[in-house]
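Numbering (mature numbering (1 follows the signal peptide of the UniProt record, and there is no 0)), first residue to last: -23 to -1, 1 to 432.
Okay, here's the thing in structure tokens:
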């Protein structure tokens, strides 16, 4: 462990050095790179009514802008900060910091904006969902669940390069019954089995030259759709460092994930309990975005330090392509290269893939936005643990299929009543891949209605 930590710190230092070597004052006439967060930030301010448009039309769709042209837009946003909410003020302040030199040349003063910026920002998410689940198993009755979840994020500015964050979760996973089950059932006075109300994120983020490091308890990101790992709920204690290297973004993580947990005993968990009850995480990934296409490639090693084995050694590929404003395609692939003697279910497949098509608005972030999506997942029993996946939360549409290769069809229709309030109608079906191979409840389907409130 000590040797690995030393290697990790050396890697972070190398990333910092590379960033320092490549750092140079940006020319005001250089283009803001395609895929820069600044474009999406300005788009958000337009949607929120802070800006009425892009002025001279220099930025239309995929057309690039110079830093000077972007600064003119930011200058306009600065003058409108009085009508901005806390979230938009934070966005304007971030843009003003990025284009400070260009704003200075325009004679724009941002001191008033900085003085009015709150030092701490809260963001909340409340979800209500109703699920009607049925089984294609004789003598197994259907079930109806009414559940809710509440998350409250808080971020405080420490200095111009550092921020501190924490999150309250109404139902975080409990080590006594570890699974992605972040829900409380209506009609009960406490959380559902296997969850606990707690502070489940606690970290600080700081920037050193071009390297951004997050230290503490934070989300564990593996895939964009949370099929392989539910990053919204599951986290790790450690450090993550990210830096640009040419046109790539390089990210590496090191830390402790779970320690001495027990898994959901409702169905067979194979070697999970024996080899995966205590895990450290070590990973390195890279990614890039160019126009309508973005991708990432990562390697994740989940190591049991007590036994000296690695039950999960993942190679993960993520791709996203936006054909136009109304059609998006996401694909993901994962391969577990752990040895046969430590994988959860010896003799079963060790890879999985997911394909998702979204038609309509790609995000439910404005009034009357709506979309339809279809997601197909083909999962080998050893590719990842169902307890880690967003598919395997307490409705259990995949939990009961532990130990089986299976496929999952998921259909969703989403509609936004406003920027911060939307609903999703969902149908999901789990089918064991091999005919006749089943355990009680593995072959199932459910209908669900979800209400999402953000504030």
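Every residue, glycine too, gets a C-beta built ideally from N, C-alpha and C.
Asked: Burial state of residue 136, where buried means 16 or more other Cβ atoms lie within 10 Å; Found: exposed
Asked: Sheet register partners of residue 145 (DSSP bridge); Found: 129 and 176
Asked: Residue burial classification, residue 316 (beta-carbon count within 10 angstroms, cutoff 16); Found: exposed
Asked: For residue 384 and residue 355, believed in contact at Cβ under 8 Å, the rounded distance; Found: 5 Å
Asked: Residue 404: first and last residue of the uninterrupted beta strand (DSSP E) it sits in; Found: 398 to 409
Asked: C-alpha gap between residue 430 and residue 252, whole angstroms; Found: 39 Å
Asked: Residue 75 vs residue 48 beta-carbon contact at 7 Å; Found: no
Asked: Integer Cβ distance of residue 312 from residue 382, believed to fall under 8 Å; Found: No, residue 312 and residue 382 are not in contact; Cβ-Cβ is about 14 Å, not under 8 Å.
Asked: Residue 55 versus 44, 193 and 71, residue with shortest Cα-Cα distance; Found: 71
Asked: Check whether residue 180 and residue 191 have beta carbons under 7 Å apart; Found: yes
Asked: Reduced DSSP category for residue 291 - H, G, I as helix; E, B as strand; rest coil; Found: strand
Asked: In DSSP terms, what residue 196 is bridged to; Found: 212
Asked: Nearest-angstrom Cα separation, counted from residue 125 out to residue 389; Found: 19 Å
Asked: C-alpha gap between residue 199 and residue 174, whole angstroms; Found: 24 Å
Asked: Contact between the segment 340 to 348 and the segment 136 to 146 (3+ Cβ pairs under 8 Å); Found: no
Asked: Which of helix, strand or coil DSSP assigns to residue 320; Found: coil
Asked: Same chain, Cβ closer than 7 Å to residue 65, neighbours up to 5 away in sequence not counted; Found: 22, 25 and 27
Asked: First and last residue of the uninterrupted beta strand (DSSP E) at residue 257; Found: 256 to 267
Asked: Contact check, residue 97 vs residue 133, beta carbons under 7 Å; Found: yes
Asked: Inter-residue spacing [alpha-carbon to alpha-carbon] between residue 145 and residue 128; Found: 6 Å
Asked: CB-CB length for residue 261 against residue 279, believed under 8 Å; Found: Between residue 279 and residue 261 the Cβ distance is about 14 Å, and since that is not below 8 Å, they are no contact.
Asked: Residues near residue -3 by beta carbon distance below 7 Å, same chain, minus five either side; Found: Because the pLDDT at residue -3 is just 43, under 50, the model does not fix this residue reliably, and the point stays unresolved.
Asked: Residue 407, buried or exposed, once every other Cβ within 10 Å from all chains shown has been counted against 16; Found: buried
Asked: Residue from 237, 15 and 197 whose Cα sits closest to the Cα of residue 277; Found: 197
Asked: Inter-residue Cα distance where the pair is residue 18 and residue 285; Found: 45 Å
Asked: Local conformation of residue 163 per DSSP, three classes; Found: coil
Asked: Buried versus exposed, by CB contacts within 10 Å (16 or more), residue 225; Found: exposed
Asked: Environment of residue 110 [buried if 16+ CB atoms lie within 10 Å]; Found: buried
Asked: Own chain partners of residue 130 with C-beta closer than 6 Å, once the 5 adjacent residues on each side are dropped; Found: 100 and 144
Asked: CB contact flag (residue 256, residue 234, <7 Å); Found: yes
Asked: Range of the contiguous beta strand (DSSP E) that encloses residue 54; Found: Segment 44 to 56 is the alpha helix (DSSP H) holding residue 54; no beta strand (DSSP E) there.
Asked: Residue 269 and residue 299 closer than 7 Å at C-beta; Found: yes
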